[in-house]
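First up is the structure itself, then whatever we jot down about it.
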Amino acid sequence: MRPSRLAEWLGVRAPSVTEAIQRLRRDGLVELAGGSDRGVRLTPLGEAEARSIVRRHRILERWLAGDLGLDWVSADEEADRLAAVFSESVLDRLYEHLGRPATCPHGNTIPGALPPAGEPVPLTELAPGRGASVVRISELAEHESRDILRLLEQEQIMPGVIVTVMTPGDPDVVTVDVDGRKVALSRHTAQSVFVEAG
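Just so you know, we're using my numbering here: the sequence shown kicks off at 5 and counts up by one.
Okay, structure coming up:
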């Protein structure tokens, strides 16, 4: 990923990203792509560290949303705060206590767990009249707009729920039937919902 795109995605200034990349490079976590690409990619050590961070966050989200009953957005925010506090041994015990879940509450695989079988597609690719089971919500939705998470949870569009795409009207809106309720989603939001047709 290019540094300018990272800065935009993180909502910080480009010099801050450049400084962070220099530190990560010094620590052997990233390397710069050669030539005109000027992108940044994780080293094997960086990938291992990233998997560890994602695993920690998703296990905590599962605990906070499941056992403690926090909504998706609050669980995501609290997991960010708590991730650095839990030791690996406590995190492993928590994972066992939770029954070794394969996914976070949004359906994204916890690193180290077997990913669910199947080839999910974005909701926008589902034909009208076809029912499908929600499998996961894109992890990008968590980072780009927590409002999307809030809306999807409020409308009960979550893993395991069956949705049926209704006949299109507005090309920028995807309307789905969720347990007898009509729910209109922007195309952008619908692209964040991955489903698997039965």
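Just so you know, even glycine gets a beta-carbon here, dropped at the ideal spot from N, CA and C.
- With at least 16 other beta carbons inside 10 angstroms of its own, GLY111 counts as buried.
- LEU36 sits in a strand when the DSSP states are folded into three classes.
- Listed as beta-bridge partners of ILE166 by DSSP are SER137.
- By the Cβ neighbour-count rule, ALA18 is exposed, with fewer than 16 other Cβ atoms within 10 Å of its own.
- The Cβ-Cβ distance between LEU102 and ARG66 falls below 9 Å.
- Secondary structure note for ARG85: its alpha helix (DSSP H) is the uninterrupted segment 76–86.
- Contact check for SER142 against PHE198 passes: the beta carbons are separated by less than 9 Å.
- Going by DSSP, THR179 is part of the beta strand (DSSP E) stretching over 177–182.
- In the three-state DSSP reduction, GLU159 falls in the coil class, being neither helix nor strand.
- Contact check between the stretch 151–168 and the stretch 180–196: three or more CB pairs, one atom from each, fall below 8 Å, which counts as touching.
- If you draw a straight line from the Cα of VAL21 to the Cα of ARG29, it comes to about 12 Å.
- Three or more beta-carbon pairs drawn from the stretch 126–134 and the stretch 183–197 are found closer than 8 Å, and the two stretches are therefore classed as touching.
- Per DSSP, the beta-bridge partners of VAL199 are VAL125, VAL138.
- Residue range 185–190 is occupied by the beta strand (DSSP E) that includes ALA188.
- Rounded to whole angstroms, the separation of the alpha carbons of VAL16 and ARG9 is 10 Å.
- With 16 or more neighbouring CB atoms inside 10 Å of its own CB, ILE114 falls in the buried class.
- Nearest C-alpha to ARG154 among ALA136, GLY50, ASP75: ASP75.
- Beta-bridge annotation (DSSP): LEU46 is paired with VAL34.
- Judged by DSSP in its simplified three-state form, THR22 adopts helix.
- In the DSSP assignment, VAL94 falls within the alpha helix (DSSP H) that extends over 92–101.
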